[in-house]
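Taking it in order: structure first as structure tokens, then the write-up.
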Amino acid sequence: MGAIPISELRAAIPVAIGIYKMSPFEAFFFSVLGNLLPVIPLLLFLEPVSNYLRRYSIFDTFFTWLFSKTRRNHTESFEKYGLLALTIFVAIPLPATGAWSGCAAAFVFGVKFRHALPAIAAGVMIAGIIVTAVTVTGIGLVDMIMGA
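Dropping the structure here:
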């Protein structure tokens with residue numbers, strides 16, 4: 003479940019702990035591992051796939067729009083904070099952030115694989131810690147309220 007775009011570990015950890023009754027450590031470990039699985043292929047193949055698709059005008063138009071919009075809205079932050087911006091972007095456990103989006107951002111901003119991989123991995127681990135802590139706290143509160 004952690005490898006699926008959009009939900010990533012933000013859904014995998016609560017499901018693992020709440021439904022499958024895994025320990026928080028197991029849920030964190032397997033969800034982070036699952037979330038990191040697609041990162042290497044994405045970082046390696048987004049550019050060749052994009053270049054191939056750009057041969058078709060509809061995809062060329064889409065990628066031109068996407069790149070210009072992303073660069074216009076985020077270049078200042080990226081130039082100011084560099085890889086830390088990428089790590090923080092991945093680490094914030096909100097919709098449209100995470101490893102998949104981080105790989106896309108690394109591609110759009112031309113971040114080299116050797117720099118992008120550790121930044122994204124760090125962001126995934128930070129997000130995992132946050133989601134695990136919130137999940138354990140939430141379940142503890144629900145148990146306390148329901149048990150009272």
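When the count follows the working numbering, it moves up by one through the sequence shown with no breaks and lands on 150 for the last residue. Ideal Cβ placement from N, Cα and C applies to all residues, glycine included.
What is the DSSP secondary structure of Y54, reduced to helix, strand or coil? Residue state, collapsed to three classes: helix.
Let me make sure I understand the geometry here. Which of S52, I42, L68 and F69 has the alpha-carbon closest to that of A121? A check of alpha carbon separations from A121 across S52, I42, L68 and F69 identifies I42 as the nearest.
Go through its chain and collect everything with a Cβ distance to S9's Cβ below 7 angstroms, but skip five positions before and after it. Taken in chain order, the residues that qualify are M3.
Measuring alpha carbon to alpha carbon, tell me which of P95, S25, T72 and Y22 ends up nearest G130. Of the candidates P95, S25, T72 and Y22, the one whose C-alpha sits nearest the C-alpha of G130 is P95.
Can you tell me the Cα-Cα spacing of T66 and G125, whole angstroms? Distance between the alpha carbons of T66 and G125 is about 27 angstroms.
Closest by CA to R20, which one among T137, L143, I147 and M148? A small correction: the amino acid at residue 20 is Gly; Arg does not occupy that position in the sequence shown. The option with the nearest alpha carbon to G20 is T137.
What residues in its chain sit with their C-beta under 7 angstroms from that of V92, if we drop five residues either side in the sequence? So the list reads T99, G100, A101, G104, I122, G125, V126 and A129, once near-sequence residues are dropped.
Does the region 105-115 touch the region 66-84, meaning 3 or more C-beta pairs lie closer than 8 angstroms? Result yes; three or more Cβ-Cβ pairs closer than 8 angstroms.
Quick one: measure Cβ to Cβ for L68 and F61, integer angstroms, because I've assumed they're closer than 8 angstroms. About 10 angstroms separates the Cβ atoms of L68 and F61, ruling out a contact at the 8 angstroms cut-off.
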